[in-house]
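A.B. asks: Chains S and D, in that order, are what the protein sequence lines are. The numbers in this note's numbering rise by one with no breaks, and the one at position 191 of the first sequence is 205. The numbers in this note's numbering rise by one with no breaks, and the one at position 670 of the second sequence is 675. By construction, the Cβ of each residue, glycine as well, lies at the ideal position given by its N, Cα and C atoms.
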Amino acid sequence: MKGKPDPFILLPVLMLLIIGVVMVTSASYPRALSASGGTDPFAVGKRQLVFALLSLVLMTVMIKFDYHHFRRLTVLFAVLTPVLLVLVLFFGEEINGARRWFNLGILNFQPSELAKLTLVFVLAHYFTEIGPEIRHFSTGVLIPLVYLGLICGLIMLEPDLGTVIMIFVIFFSMLFAAGVRFYHLSFLGLLAVSAAAVLIMEEPYRRERLFSFLDPMKDPRGSGWQIIQSLMALGSGGIFGLGLGRSRQKFFYLPEPHTDYIFSIIGEELGLLGTLLILIIFFFLGWRGYKTALSTTDTYGSLLAVGITSWIVFQALMNIAVVTSSIPATGITLPLISYGGSSLGITMMALGILMNISCERREKV
Amino acid sequence: MQGLNRLVIRRRTTLLLLSIFGIIGVLIGRLFFIQGIKAGYYQKIAEEQRLRDIRVEPMRGTIFDRNMNTLAFSFDTESIYAIPYQVKNPKADAEVIAEKLKLPVNDVYNRLIKKTSFVWLKMKPHPEEVQEIMEARIPGVEVAQKAQRFYLRGSLAAHILGITGIDNQGLEGIENYYDRYLRGIPGSEQAEYDSRGNYIPLGERRFIQAQNGYSLVLTIDQVIQYIAEREIEKAVLENGAKRGAVILMDPMTGEILALANYPTFDPNHYADYPSAVRRNWVLVDQYEPGSTFKIVTAAAALEEGVVHRNSVFFDPGFLVVEDRRLRCWRAGGHGSQTFTEAVENSCNPVFASLALRLGTDKFLQYIEAFGFGQQTGVDFPGEAKGIIPHRSRIKNVELATIGFGQGISVTPLQLLNALATVANGGELLQPRLVKEIRSSDGKEVITRFEPHKIRRVLSPETAAELSLILQSAVENGSGNRARIEGYTVAGKTGTAQKPQGGIYGQERIASFIGFAPVEKPRVAGIIILDEPQGPVKYGGVIAAPFFSTIVGETLKYLGVKPQQKGEGMGQSSGESSVVVPNLLRLPRADAIRILKQSRLNYRELGTGEYVIAQSPKAGVTVKPGTTILLYYDEASHYQKEMPTVLVPDLTGLSLPAVEKRLTELGLQLAVSGSGIALRQDPAPGSRLAQGATVTVHFVAAGKTKVE
Numbered sequence: 015m016k017g018k019p020d021p022f023i024l025l026p027v028l029m030l031l032i033i034g035v036v037m038v039t040s041a042s043y044p045r046a047l048s049a050s051g052g053t054d055p056f057a058v059g060k061r062q063l064v065f066a067l068l069s070l071v072l073m074t075v076m077i078k079f080d081y082h083h084f085r086r087l088t089v090l091f092a093v094l095t096p097v098l099l100v101l102v103l104f105f106g107e108e109i110n111g112a113r114r115w116f117n118l119g120i121l122n123f124q125p126s127e128l129a130k131l132t133l134v135f136v137l138a139h140y141f142t143e144i145g146p147e148i149r150h151f152s153t154g155v156l157i158p159l160v161y162l163g164l165i166c167g168l169i170m171l172e173p174d175l176g177t178v179i180m181i182f183v184i185f186f187s188m189l190f191a192a193g194v195r196f197y198h199l200s201f202l203g204l205l206a207v208s209a210a211a212v213l214i215m216e217e218p219y220r221r222e223r224l225f226s227f228l229d230p231m232k233d234p235r236g237s238g239w240q241i242i243q244s245l246m247a248l249g250s251g252g253i254f255g256l257g258l259g260r261s262r263q264k265f266f267y268l269p270e271p272h273t274d275y276i277f278s279i280i281g282e283e284l285g286l287l288g289t290l291l292i293l294i295i296f297f298f299l300g301w302r303g304y305k306t307a308l309s310t311t312d313t314y315g316s317l318l319a320v321g322i323t324s325w326i327v328f329q330a331l332m333n334i335a336v337v338t339s340s341i342p343a344t345g346i347t348l349p350l351i352s353y354g355g356s357s358l359g360i361t362m363m364a365l366g367i368l369m370n371i372s373c374e375r376r377e378k379v
Numbered sequence: 006m007q008g009l010n011r012l013v014i015r016r017r018t019t020l021l022l023l024s025i026f027g028i029i030g031v032l033i034g035r036l037f038f039i040q041g042i043k044a045g046y047y048q049k050i051a052e053e054q055r056l057r058d059i060r061v062e063p064m065r066g067t068i069f070d071r072n073m074n075t076l077a078f079s080f081d082t083e084s085i086y087a088i089p090y091q092v093k094n095p096k097a098d099a100e101v102i103a104e105k106l107k108l109p110v111n112d113v114y115n116r117l118i119k120k121t122s123f124v125w126l127k128m129k130p131h132p133e134e135v136q137e138i139m140e141a142r143i144p145g146v147e148v149a150q151k152a153q154r155f156y157l158r159g160s161l162a163a164h165i166l167g168i169t170g171i172d173n174q175g176l177e178g179i180e181n182y183y184d185r186y187l188r189g190i191p192g193s194e195q196a197e198y199d200s201r202g203n204y205i206p207l208g209e210r211r212f213i214q215a216q217n218g219y220s221l222v223l224t225i226d227q228v229i230q231y232i233a234e235r236e237i238e239k240a241v242l243e244n245g246a247k248r249g250a251v252i253l254m255d256p257m258t259g260e261i262l263a264l265a266n267y268p269t270f271d272p273n274h275y276a277d278y279p280s281a282v283r284r285n286w287v288l289v290d291q292y293e294p295g296s297t298f299k300i301v302t303a304a305a306a307l308e309e310g311v312v313h314r315n316s317v318f319f320d321p322g323f324l325v326v327e328d329r330r331l332r333c334w335r336a337g338g339h340g341s342q343t344f345t346e347a348v349e350n351s352c353n354p355v356f357a358s359l360a361l362r363l364g365t366d367k368f369l370q371y372i373e374a375f376g377f378g379q380q381t382g383v384d385f386p387g388e389a390k391g392i393i394p395h396r397s398r399i400k401n402v403e404l405a406t407i408g409f410g411q412g413i414s415v416t417p418l419q420l421l422n423a424l425a426t427v428a429n430g431g432e433l434l435q436p437r438l439v440k441e442i443r444s445s446d447g448k449e450v451i452t453r454f455e456p457h458k459i460r461r462v463l464s465p466e467t468a469a470e471l472s473l474i475l476q477s478a479v480e481n482g483s484g485n486r487a488r489i490e491g492y493t494v495a496g497k498t499g500t501a502q503k504p505q506g507g508i509y510g511q512e513r514i515a516s517f518i519g520f521a522p523v524e525k526p527r528v529a530g531i532i533i534l535d536e537p538q539g540p541v542k543y544g545g546v547i548a549a550p551f552f553s554t555i556v557g558e559t560l561k562y563l564g565v566k567p568q569q570k571g572e573g574m575g576q577s578s579g580e581s582s583v584v585v586p587n588l589l590r591l592p593r594a595d596a597i598r599i600l601k602q603s604r605l606n607y608r609e610l611g612t613g614e615y616v617i618a619q620s621p622k623a624g625v626t627v628k629p630g631t632t633i634l635l636y637y638d639e640a641s642h643y644q645k646e647m648p649t650v651l652v653p654d655l656t657g658l659s660l661p662a663v664e665k666r667l668t669e670l671g672l673q674l675a676v677s678g679s680g681i682a683l684r685q686d687p688a689p690g691s692r693l694a695q696g697a698t699v700t701v702h703f704v705a706a707g708k709t710k711v712e
């Protein structure tokens, strides 16, 4: 029954991975130079290269590993994830007032990244199990919502609103794809919006972010700084870009140039051509991912594919929407490109699973 | 068990695909907007935020004297500035900066939070302060090179040079008049900086060279200027005058060779002096000239033929004009005299009648032709015009008084320029202070100002005749103390009453105006003493001797050969007369020696060491062998014998070394600046009484190459 994995998933993944390593190296240059006291401007780039190679190994393993086995591990993931999310609150590294990471020496592990994969596993398994019950509110919405609430609640304690929003998007897309009724979904949407409103209005710094999105020039050197610097980077790039390595905004104007705002640096160095290429690659990846969901005969695999694809593509789009100031800043990374070991590892693992699913496709869509 | 509806999953997944397609469409739209349409705008603001334009100050042009000796030049010093945009913690940084630069914290803070990209924090900081600020490495606080003006000779020619402000702008004098030449054109250095204030390695750096200012060559000769300043200081102090001034001019070209005022100031520290002291009043103020103006009356009268050299006048001591008796300065009058003698005697009624003979229109025509009532056009800011009363207000009385210099206001420069017209054969020239504008290094001449003739005022014959009359006035008349051994001098004294509150009071302006040698004039000069307080206030007595010294030394310096004996002025008046020398305040022995040399006898009255009075008075012409009465006074304090010492050369020494040298000699030290000694006042080799003060100017080591 097994065919070959879809090469058109592997291709965009590899492209993004390579672009990521190159751009992280470029974007992190000034910071690495300054952090290493002028000795190693490529320190961050080198680490990202190592992560990329390790994650390729992980992906290869996943391509070979029959995804059906994960179905039996669902409970393990479902239990382990909340436990890790609790542990991180106590043993995590505190950075900028948030505890999101375990410091594992060379690698920082972020349990909320794992939570995305876990959620995909849990929902795919659950909906495959309940079948037509999905059309009832209690089984289709309420029960999944309880688990989502647990996960999101724990992540909010870190706190990390960006990841919570991302997890909700994955959750919503999977409920949508699995066939939850539209008016149930609209209730969910309403709930999410009101929850977001409460979360934003309660926390002054989030409120500030929202307002600075609406009017970044009101405080260009404070809350509006990131947005303005990001737009300056993108705008400075114009159509063709300043050339690889020639970004000026990465020189301490743009915060997080190699993580959350790497897309701005791509825009500055490679221009509109570069940013469009990234968007097209992600679209292509999304198309192949959903196509995998459509072509597979296995419902569980289908839902997994939808979850993974939605996760990666929507996260990318959300990140790009933030740096182009199309939505308020949320603080999420650009998958496969932004610097970060654990997120890259888990993303590549998910993509490996997706490719494994793609082996099962029918000849015709 | 029933599974999920596959059809629903397929439909909904397709919808998800469509939704990402839609979102991507929107994002592409956003990117086109940001990177396409608004690209220019974002590029511009990004550039503005990282490009810093640092002004590179041009070096202000050097000012040379006519022989290319440096009088004023600029050199770089360091200044501390801030880029408020880059200052992260204005409050904390302000405290650090204020402490290191010894400035008020609030002041610094207010500057740091200014919404500009550039503020000066401190000009001319101490080198240690610069060091400390650099070490503190406060983001946004930088050190720049800034040019500073330095007047090499201190107060020498201060009133001509003027002063310069901290931003390299000429405020007064030549510095102001020629500011647009001296100033130069600022350059700029543009570089890209990151938000921490460091250069971006790949960033652009544009450097626009500053264009240094042109240099100026003055018509002033620093040696003559020095002579003039030394003598005017002496003249003012000896006569207790409020102030005094000298202008020397080359009458053939209109070039001003020296212009000295006392009291004076040091343009390097101009703020330490009252602004009144900085006023170059001989150009910017006017006064009633008195007798010196008679030259103009004489010139007009001679030119118009209403008088000749030998025309005879009778002066009863007054002239009645309408209902006014215009009195001569000499009670009883001068009796019968030729015109030449009237000039020698400076006889007011004669000049009053000349003015009346000329008539208002003719006289005014000459006054205006000589340049009175208008600026001479000298290249100096704020020149006064003088005041000629309106034609309609000049009745006969006024006309007559103008004839001897009352009721008209002129500037000393106008008067000198009028005299120069007589000296050069009748042409009015434009006086000049600057000879050439040169390239900043002083090597290439950009503009040369040739003598500029304004108009012919007198025929050469009239000019020559008047010159001879004025020569006679010096040799035989009131100006005889202006005589210079070996040279012929033409000139006129003046003792103007100073109007105070509408009437003429006790104060006088004593002056002498003249030129030499008469045959081929090289120097014309005017010396003015404002409100002298001594027992004698006559210009012929107190101003003329200094004219003699200044012009005499100048002629020797210029290499003008003294005339052979037998042709000189001593001979023309014959062996039969001697001028009584001024013996006041001299020690007894010196007075007697001088009298013996002058072939005069003496009689001593009273006891004491110093001459307090003499009779006849100084300046009077007497026959050789005349007895001069000398009055002595023990208590005279005018010239107490004080041990004098030779001022050593202190240049190049450190402050402690200078202090030690001067203390050993019993001299006081006044310090200005710090570092090593660059300049001193008085100059090495001068004699000073013990206890006197030597002012030494120090500069930071390494800056001495300027000499």
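Within the continuous alpha helix (DSSP H) that includes D/H164, where are the two ends?
C.D. replies: Taking the second sequence and counting its residues from 1, the one referred to as residue 164 of chain D is at position 159. Taken as a continuous stretch (DSSP letters only), the alpha helix (DSSP H) holding D/H164 covers 163-166.
A.B. asks: From S/I33 to S/F328, what does the alpha carbon distance come to, in whole angstroms?
C.D. replies: On the first sequence, position 19 is the one that residue 33 of chain S refers to. On the first sequence, position 314 is the one that residue 328 of chain S refers to. Roughly 19 Å separates the two Cα atoms.
A.B. asks: Per DSSP, which one or two residues make a beta bridge with S/K305?
C.D. replies: What you label residue 305 of chain S is simply residue 291 of the first sequence in a count that begins at 1. For S/K305, which the question treats as bridged, DSSP gives no partner whatsoever.
A.B. asks: Name, please, each residue of chain D whose Cβ falls closer than 9 Å to the Cβ of S/P44.
C.D. replies: Your numbering for residue 44 of chain S matches position 30 in the first sequence. Near S/P44 (Cβ distances below 9 Å), the residues of chain D are D199, I205, P206.
A.B. asks: Contact defined as beta carbons within less than 8 Å: I believe D/T467 pairs with D/A360. What is the distance between those atoms, to the nearest angstrom?
C.D. replies: Start at 1 with the first residue of the second sequence, and residue 467 of chain D comes out as number 462. Start at 1 with the first residue of the second sequence, and residue 360 of chain D comes out as number 355. Rounded, the Cβ-Cβ distance is 17 Å, inconsistent with contact.
A.B. asks: Kindly indicate which residue of S/E108, S/I184, S/M363, S/F135 has the alpha-carbon position closest to the one of S/M332.
C.D. replies: For this step, residue 332 of chain S is matched to residue 318 along the first sequence. The residue with the shortest Cα to Cα distance from S/M332 is S/I184.
A.B. asks: Starting from the C-beta of D/Y198, find all residues in its chain whose C-beta is less than 7 Å away, skip the five residues before and the five after it, and write them out in chain order.
C.D. replies: In the second sequence, the residue the question calls residue 198 of chain D occupies position 193. R55, R57, Y204, I205, listed in sequence order.
A.B. asks: Measuring CB atoms only, is the segment 465-485 of chain D touching the segment 294-310 of chain D, in the sense that at least three cross pairs come out at less than 8 Å?
C.D. replies: The segment 465-485 of chain D vs the segment 294-310 of chain D: in contact.
A.B. asks: With 16 other CB atoms within 10 Å as the buried threshold, where does S/L383 fall?
C.D. replies: There is simply no residue 383 of chain S to check, as chain S begins at 15 and stops at 379 in what is shown.
A.B. asks: Determine the direct distance from the alpha carbon of S/G355 to that of D/L36, and round the result to whole angstroms.
C.D. replies: Counting from one through the second sequence, the residue named residue 36 of chain D turns up at place 31. Counting from one through the first sequence, the residue named residue 355 of chain S turns up at place 341. If you take the alpha carbons of D/L36 and S/G355, they lie about 29 Å apart.
A.B. asks: Would D/T121 count as contacting chain S if we go by Cβ distances under 8 Å?
C.D. replies: Translated into positions along the second sequence, residue 121 of chain D becomes position 116. With 8 Å as the cut-off, D/T121 does not count as an interface residue toward chain S.
A.B. asks: How should S/S278 be labelled, buried or exposed, when 16 other C-beta atoms within 10 angstroms of its C-beta is the threshold for buried?
C.D. replies: By 1-based counting over the first sequence, the position of residue 278 of chain S is 264. So S/S278 counts as buried.
A.B. asks: Do D/S582 and D/R488 have their beta-carbon atoms positioned less than 8 Å apart in this structure?
C.D. replies: By 1-based counting over the second sequence, the position of residue 488 of chain D is 483. By 1-based counting over the second sequence, the position of residue 582 of chain D is 577. No.
A.B. asks: With a Cβ-Cβ cutoff of 8 Å, do D/T297 and D/K497 count as a contact?
C.D. replies: If you number the second sequence from 1, residue 297 of chain D lands on position 292. If you number the second sequence from 1, residue 497 of chain D lands on position 492. Yes, the Cβ-Cβ distance between D/T297 and D/K497 is below 8 Å.
A.B. asks: With 9 Å as the limit, tell me which residues of the segment 202-221 of chain S have their beta carbon closer than that to any beta carbon of chain D; keep them in chain order.
C.D. replies: Those residues of the segment 202-221 of chain S that come within reach of chain D (Cβ to Cβ, closer than 9 Å) do not exist; the list is empty.
A.B. asks: Name the residue from D/S79, D/E614, D/V616 whose alpha carbon lies nearest to the alpha carbon of D/N217.
C.D. replies: As a first step, residue 217 of chain D must be located in the second sequence, where it is residue number 212. Of the candidates D/S79, D/E614, D/V616, the one whose C-alpha sits nearest the C-alpha of D/N217 is D/S79.
A.B. asks: Tell me whether S/A343 sits in a helix, a strand or coil according to DSSP, three-state version.
C.D. replies: Residue mapping note: residue 343 of chain S aligns to position 329 of the first sequence, counting from 1. Three-state result, S/A343: coil.
A.B. asks: Quick one: is D/R188 buried, meaning 16 or more other Cβ sit within 10 Å of its Cβ, or exposed?
C.D. replies: Taking the first residue of the second sequence as 1, we reach residue 188 of chain D at position 183. That one is buried.
A.B. asks: Under 8 Å between C-beta atoms, does D/G27 make it to chain C?
C.D. replies: Given the protein chain composition of this structure (S and D), no chain C is represented.
A.B. asks: Straight-line CA distance for D/L166 to D/N485?
C.D. replies: As a working mapping, residue 166 of chain D is identified with position 161 in the second sequence. As a working mapping, residue 485 of chain D is identified with position 480 in the second sequence. Roughly 34 Å between the two C-alpha positions.
A.B. asks: Is the Cβ of S/L68 closer than 8 Å to any Cβ of chain D?
C.D. replies: Taking the first residue of the first sequence as position 1, residue 68 of chain S is located at position 54. For S/L68, the answer is no, since every Cβ of chain D falls outside 8 Å of its Cβ.
A.B. asks: Can S/G433 and S/H198 be called in contact, C-beta distance under 8 Å?
C.D. replies: For chain S, the structure presents residues 15 to 379; residue 433 of chain S sits outside this window and is missing.
A.B. asks: Taking its Cβ as the centre, do 16 or more other Cβ atoms sit within 10 Å of D/G579, making it buried, or is it exposed?
C.D. replies: As a working mapping, residue 579 of chain D is identified with position 574 in the second sequence. Below a pLDDT of 50, predicted positions are generally treated as unreliable, and D/G579, at 45, falls in that range; the measurement from the model is reported next regardless. Classification of D/G579: exposed, given that the 10 Å Cβ count is below 16.
A.B. asks: If you compare alpha carbons, which of S/D229, S/G59, S/V194 is closest to D/L9?
C.D. replies: As a position in the second sequence, residue 9 of chain D is number 4, starting the count at 1. D/L9 has its Cα closest to that of S/V194, out of S/D229, S/G59, S/V194.
A.B. asks: Which same chain residues end up closer than 7 Å to S/I120 when comparing Cβ atoms and leaving out the 5 residues on each side of it in sequence?
C.D. replies: If you number the first sequence from 1, residue 120 of chain S lands on position 106. Nothing listed; no residue qualifies.
A.B. asks: Going straight from the alpha carbon of D/A682 to that of D/T656, what length do you get?
C.D. replies: Mapped onto the second sequence, residue 682 of chain D falls at position 677. Mapped onto the second sequence, residue 656 of chain D falls at position 651. Cα to Cα, the separation comes out at about 5 Å.
A.B. asks: Got a sec: which bits of the segment 30-48 of chain D sit with their beta carbon under 9 Å from any beta carbon on chain S, in order along the chain?
C.D. replies: Cβ contacts with chain S: V31, L32, I33, R35, L36, F37, F38, I39, Q40, G41, K43, A44, G45, Y46, Y47, Q48.
A.B. asks: What's the call for D/L22, buried or exposed, on a 16-neighbour Cβ count within 10 Å?
C.D. replies: On the second sequence, residue 22 of chain D is found 17 positions in, with the first residue counted as 1. Buried is the call here.
A.B. asks: Can you tell which of D/I118, D/V101, D/P130 has the C-alpha that lies nearest to the C-alpha of D/G678?
C.D. replies: Counting from 1 along the second sequence, the entry for residue 678 of chain D is found at position 673. Of D/I118, D/V101, D/P130, the residue nearest in Cα terms is D/P130.
A.B. asks: Use the C-beta contact count for S/V160: other C-beta atoms within 10 angstroms, 16 or more gives buried, fewer gives exposed.
C.D. replies: Within the first sequence, the letter at position 146 stands for residue 160 of chain S. Flag for S/V160 reads exposed.
A.B. asks: State yes or no: is the C-beta of D/I50 within less than 8 Å of the C-beta of S/M246?
C.D. replies: Working through the second sequence from its first residue, we reach residue 50 of chain D at position 45. Working through the first sequence from its first residue, we reach residue 246 of chain S at position 232. Yes, they are a contact pair.
A.B. asks: According to DSSP, is S/H83 part of a helix, a strand, or is it coil?
C.D. replies: Sequence index remark: in the first sequence, residue 83 of chain S carries index 69 (1-based). Here S/H83 sits in helix by DSSP.
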